[in-house]
Each structure stands twice: as C-alpha cells, then as structure tokens.
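**Q** Mind looking over this structure? Questions follow.
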Amino acid sequence: MFSCPAGHPSSPPVVNTVHGKVLGKYVSLEGFTQPVAIFLGVPFAKPPLGSLRFAPPQPAEPWSFVKNATSYPPMCSQDAVGGQVLSELFTNRKESIPLKFSEDCLYLNIYTPADLTKSNRLPVMVWIHGGRLMIGGASTYDGLALSAHEDVVVVTIQYRLGIWGLLSTGDEHSPGNWGHLDQVAALRWVQDNIANFGGNPGSVTIFGESAGGASVSVLVLSPLAKNLFHRAISESGVVLIAGMVKKNTKSLIATILGCKTTTSAVMVHCLRQKMENELLEVALKLNPFDLDENGDPKEDNTSLCTVIDGVVLPKAPEEILAEKNFNTVPYMVGINKQEFGWLVPMICSLKTKWMRKWPVHSCGSSTLPL
C-alpha cells in the first residue's frame, strides 16, 4: 500500500496556524507521485482541565516554537476496554497504534495531498467518529487513502466523551453538550486554519458514522454551527433516534456521584475536584446500551446523552425541523440493510469485561447506536 519515501520533499512539512507552527510528515501511497502531508495531534482548544472541565472549550494557547505534530494524540477519557474493542473493530489501519487515554484530548489530525509550496483550495472533509458518545477516537481512522485518492483535505477530530462530554445539570452550572461544543470549536479551527493546509474553508463537508452521524445531524440543527460547514453526511445515525436526546441528565447521576447534590453548583464544583480515574468509575456505571424490546435506547436509560440546552440545541430536534430553522446545506443520510447485524455474532462471542457488562442488551437487539 505504501511506497518508499523517494520523491518526498527534502524537508518535512511545516505549516503556520493561528496559534503557531506545526511540523508534520510526508507519507506516500503507491501509484501517487504527490505525497500526503500528515499532521497529528494538532490542538484546537485548551486542555479541558480544572475549571474547564464541564465548561465550553476555549481557544488553544499560542506557542512560539515549531510544534511536533507527528505523533497520535491520546483518545478522550473513556472505558479503555470498550475503546480498544471499538478501535479494533472499526480501524482501517493495517498497523496497530498504541492507545492512550486522557482528559487532555482536544486534538485533530490532518491529511492533505496539496503541494504546500503552492496555493491550493481543495475540498475539505471533517470526520466525526462514532462510539455512542462514550468511546472512540480520531486516530482509529486513517485519512491517508481518502485524501490521496479523492484529492481532498481530510480532518479527523476528537471531542469529550461520556460524563466529560455530556454531564448536564439542566441549568447554568453545567448545561451539557460539551462534546458537541468541542465539535463546533474544531470546525471553527478549520475555518481559521485549513487554507494554510491547502484546503478551501468555503467547501467543508462534515461526515460521521453512528454517534458521529448523530453528531452531524446535531450540527445541522445547531445555530452555533452556522456557516462552519457546507455539506453534511450522516452514516447510520441521526439525533432523532429514540432516547438520544434528553432534557437534562442530572437525575441519572445523582445516586452514583459521591458528591452532594443539594445544588447544581455544589455538585459541579465537587466533580471538578475529582481525579480522572474517579470520574471514569462513575462513567463505567452508566449503561449506554439500555435498550427496549424493539432494540432502541430506552427513554429512561442510565446513559448520558445529548440534551436540549438552549445553546447547541435551542429546542427539541423535531421542533427545529418543523420550524425549518436549521442550517440549510446539502445533506446525505444513509443506513445499511440489516443494520449492525453483521457484527452481532462476533459481539456476542466476545469474552471481555466490556461486553460481559451488557450481554443481554447487546445480544438480541436490532439496533445499537455506536
């Protein structure tokens, strides 16, 4: 699949962003004379730590040196076993990459076939990974082949997951939808920077699969994403799936937080003081696959979900659609025949901690929004 590096420019690619310069690497595909420049782990926001936990993402701090962008970033905090399973199931890589997890995870990867010594305006495709908004990461998906074959700039983004990305108290102390706000921040970064990577900020397509597809539909409905993209593709998932949206999630977590819940302010303050592994223990107690007899997520399941926060989603998705108050862009939505059926036998045979946790719900359901 890969060719030798002969024909690469004599020096690795360096591109200027609004925050500072990044150093990438060139990789070639057999049969292509123009190598693809790859930049890995480029920050698009500050690390969401401390007071920025359960808060909107903030722009990355600028740097004065040339930042090395040749290593995969850590995946956002999640169940490591589930993340490993998903990565192995869905990766399009031949080589394995070490999986690391961290709250400091707001990074993106860029694959550009453009000749960076010239002015280019190639179409841009921004990939949003799936994983039930609980697991997954950008680096599972290699944008090299898509970039080279279709002559497009591919960007794969990360966003906060699970309790870090979805905790909502239903009020101003933690409105929720933090992961979706990360997605918006990444799209703003693309608008501000992608031209320097040979991309056209006026031709951005967002696309995603399963929970990534649902995230795409949220962005189509959200006023925050207006003018940040120009086409959209949802693969095997939209936000209209039953149980994917709630008014708030405070009641779901009150009994397992280990924090006083007398007021939202007290609860959120307590949660911000907890260690990452403590929050992960809470996250592991939440069941993302609590399905009804039809195989759909229960309305009262114990998972954290997208919420109607008045910001990302001003109203329920059905109301936004009825009022036709969404981002009017060309939008492709698709599903597969016997959706998820190809995976059920293998999933049911897995002898992992992650699958033992939900054996009944996972085996015998007709749909499972990953």
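All residue numbers for the sequence shown refer to full-length UniProt numbering, where the first residue is 1 and numbers rise by one.
Heads up, the beta-carbon is just placed ideally off N, CA and C, and yes, glycines get one too.
(1) Does L122 come out as helix, strand or coil in the three-state DSSP assignment?
(2) Figure out for me which residue from A265, N177, P98 has the closest Cα to the Cα of L224.
(3) Measure the C-alpha to C-alpha separation of G41 and V153 and round it to an integer number of angstroms.
(4) I'd like to confirm the pairing. Which residues does DSSP put opposite Y107 in its beta bridges?
(5) Rounded to a whole number of angstroms, what is the C-alpha to C-alpha distance between residue 375 and H180?
(6) Can you say whether Q338 is buried or exposed, counting buried as having 16 or more other CB atoms within 10 angstroms of its CB?
(7) Helix, strand or coil for L23 per DSSP?
(8) Is DSSP giving K285 helix, strand or coil here?
(9) Going by DSSP, what residue range makes up the beta strand (DSSP E) through F326?
(10) Quick one: is D309 buried, meaning 16 or more other Cβ sit within 10 Å of its Cβ, or exposed?
(11) Along the alpha helix (DSSP H) that carries G213, what are the first and last residues, could you check?
(12) Could you check if Q273 is buried or exposed, using at least 16 other CB atoms within 10 Å of its CB as the buried criterion?
(13) I believe V190 touches V216 by the beta-carbon criterion, under 8 angstroms. Please report the beta-carbon distance rounded to the nearest angstrom.
(14) Based on the DSSP secondary-structure assignment, which residues constitute the bridge partners of I68?
(15) On a Cα-Cα basis, can you pick out the residue from F207, A114, H8 that is closest to M332?
(16) Does the beta-carbon distance from V27 to I38 come in below 8 angstroms?
(17) Tell me, to the nearest whole angstrom, how far the beta carbon of D171 is from that of S264; I am working on the premise that it is less than 8 angstroms.
(18) Give a yes or no on whether the C-beta atoms belonging to G212 and Q78 are separated by under 8 angstroms.
(19) Taking the alpha carbon of S147 as the reference point, which residue from G198, G83, L86 has its own alpha carbon closest?
(20) Can you tell me where the alpha helix (DSSP H) with E88 in it begins and where it stops?
(21) Given that a residue counts as buried once 16 or more other Cβ atoms are within 10 Å of its Cβ, and exposed if not, what is L291?
(22) Check the DSSP bridge columns for S51 and list the partner residues they point to.
**A** So, to answer that:
(1) strand
(2) N177
(3) 16 angstroms
(4) P43
(5) Shown here, the chain extends from 1 to 370; a query on residue 375 therefore has no answer.
(6) exposed
(7) strand
(8) helix
(9) First-last for F326: undefined, no H or E at that position.
(10) buried
(11) 211-221
(12) exposed
(13) In fact, because the Cβ distance is near 14 angstroms, the residues do not count as touching under 8 angstroms.
(14) Note on residue identity: the sequence assigns Asn, not Ile, to residue 68. L23.
(15) F207
(16) yes
(17) 5 angstroms
(18) no
(19) G198
(20) 80-90
(21) Here the model assigns L291 a pLDDT of 49, short of 50, so the residue's position is not dependable and the matter cannot be decided.
(22) Partner(s): none; S51 has no beta bridge.
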